[in-house]
Amino acid sequence: MKHTLKQVTVSIAMVSVMSTQAFSFFGFDGTGIASEVTQVAGWAAQAERWVTHLEKIKKEIALKSGIRDIISFQQEMQQLMDFMDNYSLDFMDLSNDIVDHPRSQIGQYAKRLFEQYNLFDDCNYDYMSEDQKRICKSEMVRNVQEIATYQHTTQKLKRIMENLKVLSQKRSLSEDVKQSADIANAIQMQLAQLEIIKTQVEMMEAQNRSKERVDRRQLIQISKQRQNKTFKF
């Protein structure tokens with residue numbers, strides 16, 4: 000997980016640089032249309048590389064979670080995400096819905112998906128305490144949450160990438176001052192979306208790191224309690 004988060008952090012930093020450069024550039028500082036078009040094409044290419052990178056991470060997490068049919072699982076995940084969007088629910092709260100509130104509407108929907116792919120099989124061994132089972136399930140839910148986040152992110156990046164390509168073509172053909180300004184504003188809006196995506200991924204990363212620390216402390220405590228019981232005998 001730490002390795003994965005480091006990879007994501009590198010990607011986030013890349014997007015941050017893209018956004019900073021973008022807002023400092025689009026002020027029509029006299030560099031010329033050719034230079035503007037080249038930079039916009041560069042940002043689109045960066046977004047495309049980030050999509051490829053996140054797709055790779057998403058597959059790695061799926062394999063680590065024991066998901067064999069990744070394509071089918073991603074299709075099911077998309078349906079779950081669409082379901083959550085319809086009810087204005089946030090997949091960042093997926094862990095609460097599945098583990099803490101399994102009887103909620105989204106909890107029931109997600110539970111069926113987890114059962115279909117046997118995602119909790121490794122969390123139900125007889126030797127495990129109830130707390131260990133709960134922690135194990137929380138970790139699995141976080142893995143699925145990350146897959147959902149990266150899937151959602153790549154979809155947004157693909158749209159931004161295509162929009163930047165279209166806007167770049169329009170800018171190269173534009174000779175009207177007002178139209179050029181409108182195109183520049185549209186490009187800035189797309190780059191602002193990149194910043195929002197960066198913030199969302201950072202928020203998920205911070206949440207999951209915090210939860211992982213809590214889980215590790217609980218597992219250490221459970222281990223000590225078991226050792227103390229064994230020692231007493």
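Counted the way numbering that gives the first Met the number 0 counts, the sequence shown spans residues 0 to 232. The beta carbon of each residue, even a glycine, is placed where N, CA and C say it ideally should be.
Check your understanding: Using DSSP with H/G/I as helix, E/B as strand and the rest coil, what is M127?
Key -> coil
Check your understanding: Is R215 helix, strand or coil by DSSP?
Key -> helix
**Study point:** C-alpha distance - Q77 paired with I221, whole-angstrom precision
**Key:** 36 Å
Practice item. Report yes if the CB atom of V200 is closer than 8 Å to the CB atom of T148, and no otherwise. Key: yes
Point to revise | V140 burial status per 10 Å Cβ neighbour count (16 or more: buried) | key: buried
Review point. Which one of S137, K177, K58 has the shortest CA to CA distance from F72?
Key: K58
Exercise for review: State the DSSP-derived secondary structure class of G54, mapped to helix, strand or coil.
Suggested key: Reading the sequence as shown, one finds Glu at residue 54 and not Gly. In this structure, E54 counts as helix in the three-state DSSP scheme.
Point to revise | For L118, the three-state DSSP class (helix, strand or coil) | key: coil
Check your understanding: Given E35, which residues of its chain have a CB within under 7 Å of its CB, disregarding the five upstream and five downstream residues?
Key -> R170
Point to revise | Cβ contact (3+ pairs, closer than 8 Å) linking the stretch 170-180 and the stretch 196-216 | key: no
Practice item. Could you tell me the distance, in whole angstroms, from the CA atom of D214 to the CA atom of S173? Key: 56 Å
Exercise for review: Look at Q206 and K155 and say whether their C-beta atoms are less than 8 Å apart.
Suggested key: no
Practice item. Please state whether DSSP places G106 in a helix, a strand or coil. Key: helix
Practice item. Output the distance between the C-alpha atoms of K5 and D175, rounded to the nearest integer angstrom. Key: The predicted model places K5 with a pLDDT of 44, which falls under 50 and marks its position as unreliable, so this point remains unresolved.
Check your understanding: By the 10 Å Cβ neighbour count, where 16 or more other Cβ atoms means buried, how is I70 classified, buried or exposed?
Key -> exposed
**Study point:** Given S64 as reference, the closest of L53, C122, D84 once Cα atoms are compared
**Key:** C122
Practice item. Please report the Cβ distance between E47 and M160, rounded to the nearest whole angstrom; I am assuming they are in contact, meaning their Cβ atoms lie under 8 Å. Key: 5 Å
Exercise for review: Look at M80 and I105 and say whether their C-beta atoms are less than 8 Å apart.
Suggested key: no
**Study point:** Cutoff 7 Å; reference K132; Cβ partners in own chain excluding five residues on either side
**Key:** C122, N123
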